[in-house]
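These notes concern the structure reproduced below.
In my numbering, the protein residues as written are 301 to 508.
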């Protein structure tokens with residue numbers, strides 16, 4: 301649905317139900333979206349404890365890194381006005397330039413203060429549907445998900461595949477598409493349950 305059609309439908313809905321019901325419905329929807337986002341982050345961080353990053357730095361060097369308000373405030377205290385020189389001015393929202401200006405010789409120079417998006421990766425929450433980016437670590441996570449689903453699942457879980465190309469890639473990089481998989485919250489909840497079951501049966505400790 302394009303933006304103009306969505307705007308027209310929103311106006312018609314507001315005229316139909318009146319201002320009070322319209323704003324009440326909107327506030328409820330925003331609350332639900334925020335609650336779902338918090339749950340997704342909680343699940344993603346819990347799942348990450350079972351896996352190790354491959355330290356390939358592809359997420360830092362090839363993908364735009366989103367900054368939320370807390371990230372901006374924290375990095376401004378750390379970097380001052382120099383922070384704004386590191387932002388990608390082509391983006392409407394706050395994204396760091398690509399490759400990340402804080403990546404030096406394969407190491408993050410602000411690791412303890414890194415953005416929330418970096419802590420969550422390869423899980424991505426800013427898309428309309430929560431996703432798992434299939435970087436080397438993401439591929440390991442998804443392979444484990446499929447393995448545990450076959451082992452413990454009563455029926456195969458449906459997972460939507462999509463493809464997307466990171467913006468503004470050129471040369472050889474432009475030929476490669478970044479692949480990600482949509483993982484709704486119920487799927488993540490099931491995956492985490494399987495991980496815990498598998499760890500209990502194999503006595504495999506989580507990464508901490």
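Each residue gets a CB set at the ideal place from its N, CA and C atoms; glycine is no exception.
At least 9 Å separates the beta-carbon of residue 435 from that of residue 365. When C-alpha distances from residue 430 are compared across 491, 484, 352, the shortest belongs to 484.
For residue 411, there is no enclosing alpha helix (DSSP H), as DSSP marks it with neither H nor E. The three-state reading of DSSP puts residue 397 in coil, since its state is none of H, G, I, E or B. Using a Cβ-Cβ distance cut-off of 8 Å, the segment 373-381 and the segment 435-446 are not in contact, since fewer than three pairs of beta carbons, one from each stretch, lie closer than that value. Scanning its chain for C-beta atoms nearer than 7 Å, with the 5 sequence neighbours on each side dropped, one finds around residue 346 the residues 492, in chain order. When rounded, the separation of the alpha-carbon atoms in residue 452 and residue 397 is 42 Å. Taking one beta carbon from each stretch, the segment 347-362 and the segment 492-501 have 3 or more pairs nearer than 8 Å; the two touch. Taking 9 Å as the cut-off, the beta carbon of residue 399 is found no closer than this to the beta carbon of residue 354. In this structure, the straight-line span from the alpha carbon of residue 360 to that of residue 395 is close to 12 Å. Beta bridge pairing from DSSP links residue 423 with 432. Taking the CA atoms as reference points, residue 402 sits about 25 Å from residue 480. Beta-bridge partners of residue 404 (DSSP): 407.
The C-alpha of residue 392 lies about 26 Å from the C-alpha of residue 409. Between the alpha carbons of residue 367 and residue 449 lies a gap of roughly 34 Å. By the Cβ-count criterion, residue 407 is exposed, with fewer than 16 other Cβ atoms from all chains shown falling within 10 Å of its own Cβ. Excluding the 5 residues flanking it on each side, residue 415 has same chain C-beta neighbours closer than 8 Å at 365, 366, 367, 368, 371, 375, 396, in chain order. Spatial neighbours of residue 420 in its own chain (CB-CB distance under 6 Å, excluding positions within 5 residues in sequence) are listed in chain order as 344. For residue 338, the closest C-alpha among the options 488, 385, 358 is that of 488.
Residue 365 has 396 as its beta-bridge partners, per DSSP.
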